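K.L.:
The structure that follows is given in the form of structure tokens.
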Amino acid sequence: EAYRMIIFAPNAVIAKSKFWYYMHQFRKMKKTTGEILDCVEIREKDVGFVKNYGIWLRYSSRSGTHNMYREFRDVKLTGAVSQLYDEMA
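Each residue of the sequence shown is one higher than the last, beginning at 9 in the working numbering.
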């Protein structure tokens with residue numbers, strides 16, 4: 009059985025670490041029982057114009073867990089995610 013995740017991280021080492029963290033939460037799987045087949049950076053085809061990106065996220069606060077939908081305008085998905093991190097910090 010293979011699982012696929014899109015993870016936003018600064019480099020491959022952190023992305024693999026986040027993958028195993030989420031796999032343990034979702035499927036109770038550890039590094040010793042699985043194997044990472046591939047870790048690649050996703051490149052966008054058209055970066056010449058501005059697009060709207062909608063991002064669903066879930067976060068925990070002092071009052072509980074909240075679901076949120078935010079929209080961002082950027083030329084790349086990674087730029088939109090960076091805006092999200094800056095806004096949530």
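C-beta atoms are modelled at their ideal positions from N, C-alpha and C, and glycine is treated no differently. As the structure is a computational prediction, the values presented were derived from the model and not from experiment.
1. Relative to the C-alpha of residue 45, which candidate in 33, 35, 24, 32 has its C-alpha closest?
2. Give every residue of the same chain whose Cβ lies closer than 8 Å to the Cβ of residue 32, excluding the five residues on either side of it in the sequence, and list them in chain order.
3. Do you know offhand how far residue 61's Cα is from residue 51's?
4. Whole alpha helix (DSSP H) runs in the stretch 14-52 with 4 or more residues, listed along the chain?
5. In angstroms with no decimal places, state the Cα-to-Cα distance between residue 59 and residue 79.
P.N.:
Short version:
1. 24
2. 38
3. 16 Å
4. 20-35
5. 10 Å
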